[in-house]
Structure formats: C-alpha cells, structure tokens
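With this note's numbering applied, the sequence shown covers 16 to 323. Below is one structure, written out as structure tokens, with a few remarks after it.
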Amino acid sequence: MSDPSPAGGPRLADINLNLLVALDALLEAGTVTGAARRIGVTQSAMSHSLRQLRELVGDPLLVRGAGGLVPTPRAEALRVPVRRALLDLQHALRDPPSFDPADASRRFRLGAGDYLAYTVLPPLIADARQTPGIDYDVVPFMLADLPRLETGEVDLGFAAFVPASPGLRAAPLLTDDFVCLVRRDHPVVRRRLTLRQFLQLPHVLISPTGEGSGPVEEWLASRGLSRRIALRIRYFLAAPLVVAGGDFVLTAPRRLALTFARSFPLEIHEPPLPIAPFTLEMLWHERYDADPGHRWLRERVQAAVEPG
Numbered sequence: 016m017s018d019p020s021p022a023g024g025p026r027l028a029d030i031n032l033n034l035l036v037a038l039d040a041l042l043e044a045g046t047v048t049g050a051a052r053r054i055g056v057t058q059s060a061m062s063h064s065l066r067q068l069r070e071l072v073g074d075p076l077l078v079r080g081a082g083g084l085v086p087t088p089r090a091e092a093l094r095v096p097v098r099r100a101l102l103d104l105q106h107a108l109r110d111p112p113s114f115d116p117a118d119a120s121r122r123f124r125l126g127a128g129d130y131l132a133y134t135v136l137p138p139l140i141a142d143a144r145q146t147p148g149i150d151y152d153v154v155p156f157m158l159a160d161l162p163r164l165e166t167g168e169v170d171l172g173f174a175a176f177v178p179a180s181p182g183l184r185a186a187p188l189l190t191d192d193f194v195c196l197v198r199r200d201h202p203v204v205r206r207r208l209t210l211r212q213f214l215q216l217p218h219v220l221i222s223p224t225g226e227g228s229g230p231v232e233e234w235l236a237s238r239g240l241s242r243r244i245a246l247r248i249r250y251f252l253a254a255p256l257v258v259a260g261g262d263f264v265l266t267a268p269r270r271l272a273l274t275f276a277r278s279f280p281l282e283i284h285e286p287p288l289p290i291a292p293f294t295l296e297m298l299w300h301e302r303y304d305a306d307p308g309h310r311w312l313r314e315r316v317q318a319a320v321e322p323g
C-alpha cells in the first residue's frame, strides 16, 4: 500500500515523528529553550528540529515577536491536528491492563468552575493519602472549552446545558435546585422571603460569564416585574462575603448555599418564585472510554457526589 500524501506535501514515510513532538512542544512553550526543557533535549537540538520542520513544511512556523516566538497561521492550523495525532499514538501504544490508584502515577486535568470546586473537590481529594501518585490540575471550563476535551488539554470537564457534539461523552453527575441567601438578623427578611421582599431588596448575582439574564429574569419579565442587580460578579467566594455584610439577596444552587451558610453568617430561604433545577454533567472524549485510569476517575468523581 502506497503512503498517502497531499499533492506537493511530504510523504508520511519521510516524516520523523520526533519532529511532531518538537513542534507540539514549541507551540506550547513559545520559546526554543522552554520547548527543549519540556521534552528533555538540548536547546541546540530543539533549534535543529525547528530548522528541519521549516524545511519539511515550507513555512517559518514560528517567528520572533515581542514576547517570544509567535506561531504563523500555518503553525496555528497544525496545532490541534498534531496534538490530536500525538495523543492518539500515545494512547495506542500505552498498554495498561489494569489501574491501581494506590500505586499509579498520573495527573488528571479537570475542567471545572467554582461550583464544582466547592461541592465536589473536597470529597474527591479527601483520600489523597491512599492515592499518593494521583494529582489533579483544576482549570477554568465553560461550554466554549469543549474542544479541549478532544485535544487532551482537559481529561474531564463539567458543565450544564451541554449541546450534543461528535465524540463527546456525557453522564449526569448531579441535579441541584436554587435557594436564596440573606445575612443573619436581616432587617427585612424574617421567617420567610416573600416575593415583595425579593423585588424590593438589592441582589448579588454570580455570573461566571458576565451575563445577567437567566431563569429568574425570564420569570419576572413574563409578569412585568424586575429586580435590582446591585452587584454582578464572576467570583463565587466574594458573593457570600458581600451578602453577609449587607442587606442583599443571593440566589444560588442549594449545594453551594449550604457550603456558604456553614462558613459565613447567612440564612437559607426558599425562593418565592419557581426556578427550574439544573443537571451538571461530567464530560469526556470518547477516546478515553476504555482507559482504566480515566474510568477510575469518572467512578471516583461520581462517588464523591453520592451521599454516604
């Protein structure tokens, strides 16, 4: 069988796969020195690989900029395909017949927001002494970051209202509803929070995306009502601090509210309007379906949110 190649392009048999490893490192590090350190070669060896790559592709690939090497459009076009090819090859060559978390050495990258960090991470890493070789990196993650699951930049992501996508696996992790938080000894809210109080009091809105619309606004608008958003903030930790120090109302997922109420002088009230619950999903790329370590991670995360 002949080696397929685009017209005018290099044949696969002519490509040293180590050059692809070098290209991936260069695109990630942005400097020859950083790329060399990343894969454990000398700086001169990495410079030589860059020269070979330029000859192979017929493009400078990386040019000098103010902050280091800047990828050309051709290099940017190669970034994801090269990373995907290397990951596929790595997984194909890996032969883990089993996965023992007590002896394994692996770092998992979790794509999650503050909600998951507050509710799932503490029980997830509670048994860290029993898995001394398992480490975690938690990175920001929203729906726009779904492609990072395919490229391998994120092992496991978490989001709600996830659209269907080729190669994407999704499993429901937990369902949560909403409650309202006010400070203890609130001068207006006593035994329960009424709709009139809800409309009159200023609100703090946690909005990781910076957007202000949501189910509360939709319900109020359908009845010709509105509330005052005194503070719209992206940071989960700052919200309860603000509410504990003023006469605000904060509407938040129940699991998160329970965590806040244990740490700050806050009271939880049922909302005076219907707010639909949401389901947080656990997301991964199909290439990890049969990976024993990844399967253990998914089971471990699921166990972390289940009672008992």
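Yeah, the Cβ is synthetic: ideal placement off N, Cα and C, and Gly gets one too.
Where PRO86 is concerned, the enclosing beta strand (DSSP E) starts and stops at 83-86. When beta bridges are read from the DSSP output, PRO187 appears opposite GLU296. Nearest to ASP74 by C-alpha distance, out of SER59, LEU84, LEU108 and ALA90, is ALA90. If you check the CB distance, ALA174 and LEU158 come in under 8 Å. One thing to note: GLY167 has its Cβ within 8 Å of the Cβ of ARG98. Following the DSSP letters along the chain, one finds ARG310 inside the alpha helix (DSSP H) bounded by residues 307-320. Contact check for HIS201 against ASP262 passes: the beta carbons are separated by less than 8 Å. Counting only runs of 4+ residues, the alpha helix (DSSP H) found wholly inside the stretch 159-183 occupies 162-166, in chain order. Membership of ALA40 in the alpha helix (DSSP H) is indicated by the continuous run 32-44.
For ILE248, same chain residues with a beta-carbon under 8 Å away, outside a window of 5 residues either side, are VAL219, LEU220, ILE221, SER222, ALA254 and VAL257 in chain order. In this structure, the beta-carbon distance from LEU101 to LEU35 falls below 8 Å. Between HIS106 and the set TYR303, ARG207 and PHE114, the nearest pair of CA atoms involves TYR303. Across the structure, GLN145 and ASP306 are spaced so that their CA atoms are roughly 21 Å apart. Contact annotation, VAL177 with GLU301: C-beta distance approximately 15 Å; criterion of less than 8 Å not satisfied.
ILE54: member of the alpha helix (DSSP H) spanning 47-54, first to last residue. Within the DSSP secondary-structure output, ALA267 pairs in a beta bridge with VAL194. When DSSP states are grouped into helix, strand and coil, PHE123 belongs to the strand group.
Between PRO292 and the set LEU281, ASP192 and ASP170, the nearest pair of CA atoms involves ASP192.
For the pair GLY126 and VAL154, the CB atoms are nearer than the 8 Å cut-off. The C-beta of ARG313 has 16 or more other C-beta atoms within 10 Å across all chains shown, which makes the residue buried. With contacts defined by Cβ atoms closer than 8 Å, THR294 and THR224 do not form a contacting pair. In this chain, the alpha helix (DSSP H) harbouring ALA236 covers 230-236.
A distance below 6 Å between beta-carbons, with the five flanking residues on each side excluded, links ASN33 to no residue of its chain. Excluding its 5 nearest sequence neighbours in each direction, GLY148 has C-beta neighbours in its own chain below 6 Å: ALA119 and SER120, listed in chain order. The three-state secondary structure of GLU226, taken from DSSP, is coil. With a contact defined as Cβ atoms closer than 8 Å, ALA319 and PRO116 miss out at about 14 Å. Within the same chain, VAL203 come within 8 Å of GLN215 by CB-CB distance, once the 5 residues on both sides are set aside. In terms of Cα proximity to ALA245, the closest of PHE213, ARG206 and GLN317 is PHE213. Looking at the DSSP output, GLY80 sits in a beta bridge with GLY83. In the three-state reduction of the DSSP assignment, LEU246 falls in the strand class. The distance from the Cβ of LEU77 to that of LEU41 is about 6 Å, consistent with a contact at the 8 Å cut-off.
Cβ-Cβ separation between PHE123 and LEU171: approximately 7 Å, consistent with a contact (criterion under 8 Å).
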